[in-house]
Amino acid sequence: MTDLDSLAYTAEHEWVALSGAIATVGITDYAADKLGDVVYVDLPAVGAAVTADAVCGEIESTKSVGELYAPLTGTVVEVNDAAVDDPSLVNSAPFGEGWLLRIEVSGTADGLLDRAAYAALTGGDA
Amino acid sequence: MSDSVPPPEAPPRYTVLRDRHEALGASFTDFGGWMMPVRYTSDLAEHHAVRTAAGLFDISHMAELWVHDGRAADFLDYALAGRVSSMPVGRAKYSLVLAEDGGIVDDVIVYRTGTSYFLVVANAGNRDAVAAALTSRRERWGHAQAFLDGPPRGDGAAVLGADAPRIEDVTDQVALLAVQGPRAQEIVAAADGVEITGTPLADVGNYAWTEGRFAGVPLFVARTGYTGEDGFELLVENARAGELWDALRAAGAPRGLVPAGLAARDTLRLEAGMPLYGHELSLDVRPAQAGLGRVVALDKEDFVGKAGLANAVPDAPVLVGLIAEGRRAGRAGYRVYDASGGAEPVGEITSGALGPTIGHPIAMAYVPPALSVPGTLLAIDVRGTRIPATVTALPFYRRTK
């Protein structure tokens, strides 16, 4: 089980696991729950440049479409093909097998929320 | 009309089953002024359960109005688009409340429960509009009938004449539960405490109803629904709704029944090609545009909307089904283009999703009649990308009997 306190978060309901310059990104269980069953994940290509707070992908559920925002600026180094092939992973393991992409961060990783701040944002439901 | 209709600014309400939904971990959404379960666990699992076994829906947000006594059948022939008077007791009929100009105020199901006794089930969001339409139409119709019956007697009570029916909004007093799916009959029959005293369930036809008792109170059981599957809708007084929910779940659990929310209900009805008011139907849509021309009994002498429908709108857009490849679905409000890459949209999607049973993106959309022929290739603008889509006959899904 992922230690949720060790992750960073965004106001757009993404989580970020930083390991050196590599940030692994997914959406939170709160976001997955709000979306409902995810049926389609559209991710940027490996090698694509992404900009913090800019849309870099889409997550569609049966009922709605959510935009995926890049939490940090950098270059996409890996995407989770398993989640593209089986989007239900985003619901079943949002912090694990349902991760979405890895970014090599350029510059500093700032502007993220800690667990307490994110929990406060979601009214304690997260 | 009941005094208990909340003012429009009233906060969303919950049904009497709120505690059960919360205990099941439901997410809620505001629908027609009611906080309703949108899903319990997985909307896809709930959808598939209804197609393969059964789902249990709380649809107590729907509005229930009794229209009874006087010449209720003749009145409803005037107030609604269809011919209600020729329907036998025991049957139900899909109908429309039309505006004077032929636009759609609501779509309803009318159940004939007695010679002069009818249950009208309307959409939650249109409760007030339907109640107001029926009430004002009763005034007009009642005055006309009273006049035909003879000169007014001068006492206020008789001004509508004996022909005018009573209209009672009982939405706040009753709960409506739907058991939908191939195992629905088996589950209702097995539910502890449900006793059918009218036509046996097995003999109740589609769009027919029977009656019974549950925990000492009357139970109304109709073979109607909004999923494209066989199923029943059960009307019971609020005080017994929780027990009925529990009994249906208990009987259903070993048979694959799961509680199902509005998300599944929406994909189920979309696959079944059933319109949703506010999406496919509105005051700006005439029945024929939505493929509901058959619902209107144009040969009736008079009914609200008849004069308006006489003024045909040439080339009015018509509702079609669209089916696409891949997994990206068009959604309500997305533009539809012709296949040639034209800059101007030719239509708009009213509902769309990745159809869980169909396995393809599906949508309903209004397009010009010339582009409505099944097989016509069109394109949907999905957030900046045009996805090819083919016009297809509705429904997308039809159950095998």
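Going down the list, the protein sequences come from chains A and B. Be aware that the first sequence starts at 1, since it is given in this note's numbering, and climbs by one per residue. Be aware that the second sequence starts at 1001, since it is given in this note's numbering, and climbs by one per residue. Note that the Cβ used here is the ideal one computed from N, Cα and C, for glycine as well.
My assumption, with CB atoms under 8 Å, is that residue i sits in contact with residue j. Please give the rounded CB distance.
i, j, result
"Leu-991/B", "Ile-1187/B", "Nothing about residue 991/B can be reported from this structure: the residues present for chain B run from 1001 to 1401 only."
"Thr-1015/B", "Ala-1175/B", "6 Å"
"Gly-1032/B", "Gly-1125/B", "3 Å"
"Val-41/A", "Val-90/A", "7 Å"
"Ile-27/A", "Ala-70/A", "The pair is not a contact, with the Cβ atoms about 13 Å apart (cut-off 8 Å)."
"Gly-1355/B", "Leu-1276/B", "Not quite, the Cβ-Cβ distance comes to about 15 Å (not below 8 Å), so this is no contact."
"Val-1097/B", "Ala-1133/B", "5 Å"
"Pro-1320/B", "Ser-1372/B", "For the record, residue 1320/B in the displayed sequence is Val; it is not Pro. Confirmed, about 5 Å."
"Val-1170/B", "Phe-1118/B", "Not confirmed; about 13 Å, so no contact."
"Gln-1180/B", "Gly-1055/B", "5 Å"
"Ile-1059/B", "Ala-1178/B", "5 Å"
With DSSP as the reference, please indicate the residues paired to residue i in a beta bridge.
i, result
"His-1068/B", "Tyr-1117/B, Arg-1166/B"
"Met-1035/B", "Tyr-1014/B, Asp-1030/B"
"Ala-83/A", "Beta-bridge pairing links Ala-83/A to no other residue."
"Leu-1235/B", "Leu-1176/B, Phe-1220/B"
"Gly-1261/B", "Per DSSP, none; premise fails for Gly-1261/B."
"Ser-61/A", "Val-38/A"
"Phe-1057/B", "Ala-1178/B"
"Pro-1388/B", "Ala-1379/B"
"Ile-1196/B", "Gly-1212/B"
"Asp-1107/B", "Leu-1096/B"
"Pro-1361/B", "Leu-1354/B"
"Glu-78/A", "Arg-102/A"
"Val-55/A", "Tyr-69/A"
"Ala-1063/B", "Ala-1122/B"
"Val-1367/B", "Val-1318/B"
"Ala-23/A", "Leu-18/A, Ile-103/A"
"Glu-1280/B", "Answer is none; Glu-1280/B lacks a bridge partner."
"Glu-1301/B", "Answer by DSSP bridge pairing: none, since Glu-1301/B is not bridged."
"Glu-1348/B", "Arg-1335/B, Tyr-1366/B"
Of the residues the options, which one's Cα is nearest the Cα of residue i?
i, options, result
"Gln-1289/B", "Gly-1347/B, Gly-1326/B, Ala-1324/B", "Gly-1347/B"
"Pro-1388/B", "Phe-1396/B, Ala-1379/B, Thr-1267/B", "Ala-1379/B"
"Ala-1332/B", "Gly-1103/B, Glu-1280/B, Ser-1060/B", "Glu-1280/B"
"Gly-1375/B", "Arg-1083/B, Tyr-1040/B, Thr-1392/B", "Thr-1392/B"
"Ile-59/A", "Gly-74/A, Ala-119/A, Ala-52/A, Asp-85/A", "Asp-85/A"
"Leu-1322/B", "Glu-1243/B, Thr-1199/B, Trp-1209/B, Asp-1381/B", "Asp-1381/B"
"Gly-1228/B", "Thr-1357/B, Arg-1013/B, Leu-1024/B", "Thr-1357/B"
"Tyr-1094/B", "Asp-1107/B, Lys-1401/B, Ala-1253/B, Gly-1278/B", "Asp-1107/B"
"Gly-1198/B", "Val-1318/B, Leu-1056/B, Arg-1213/B, Gly-1341/B", "Arg-1213/B"
"Thr-75/A", "Leu-4/A, Ala-21/A, Asp-5/A, Ala-17/A", "Ala-21/A"
"Asp-1128/B", "Ala-1343/B, Val-1285/B, Glu-1168/B", "Glu-1168/B"
"Glu-1046/B", "Asp-1030/B, Trp-1066/B, Ala-1253/B", "Ala-1253/B"
"Leu-1022/B", "Met-1036/B, Met-1062/B, Pro-1012/B", "The sequence given here has Glu at residue 1022/B, not Leu. Here the closest residue by C-alpha is Met-1036/B."
State the start and end residues of the unbroken alpha helix (DSSP H) segment that holds residue i.
i, result
"Gly-1252/B", "1238–1252"
"Ile-1187/B", "1184–1190"
"Val-1050/B", "1043–1052"
"Val-90/A", "88–92"
"Gly-1308/B", "1306–1310"
"Leu-121/A", "115–121"
Tell me whether residue i sits in a helix, a strand or coil according to DSSP, three-state version.
i, result
"Thr-1210/B", "strand"
"Lys-1093/B", "strand"
"Ala-1158/B", "Note that Ala-1158/B scores 49 on pLDDT, short of 50, meaning its location in the model is unreliable and no value can be drawn from it."
"Ala-1136/B", "Checking the displayed sequence, the identity of residue 1136/B turns out to be Ser instead of Ala. It is helical."
"Ser-6/A", "helix"
"Thr-73/A", "coil"
"Leu-1394/B", "coil"
"Pro-44/A", "coil"
"Thr-28/A", "coil"
"Glu-1271/B", "helix"
"Tyr-1078/B", "helix"
"Ala-1073/B", "helix"
"Gly-1293/B", "helix"
"Glu-1022/B", "helix"
"Leu-112/A", "coil"
"Ala-1343/B", "coil"
"Val-1285/B", "coil"
"Arg-1328/B", "coil"
"Lys-1401/B", "coil"
"Arg-1112/B", "strand"
"Phe-1147/B", "helix"
Quick one: does the C-beta of residue i sit closer than 8 Å to a heavy atom of the ligand FAD?
i, result
"Lys-34/A", "Annotation note on the ligand FAD: not contained in the displayed structure, which lists no ligands."
Would you mind reading off the limits of the beta strand (DSSP E) that contains residue i?
i, result
"Arg-102/A", "101–105"
"Leu-1322/B", "1318–1324"
"Leu-18/A", "14–19"
"Thr-51/A", "From DSSP, Thr-51/A is part of no beta strand (DSSP E); its letter is neither H nor E."
"Asp-1338/B", "1335–1338"
Quick check on residue i - is its C-beta less than 9 Å from some C-beta in chain C?
i, result
"Arg-1327/B", "Looking for chain C here will not work: the only protein chains present are A and B."
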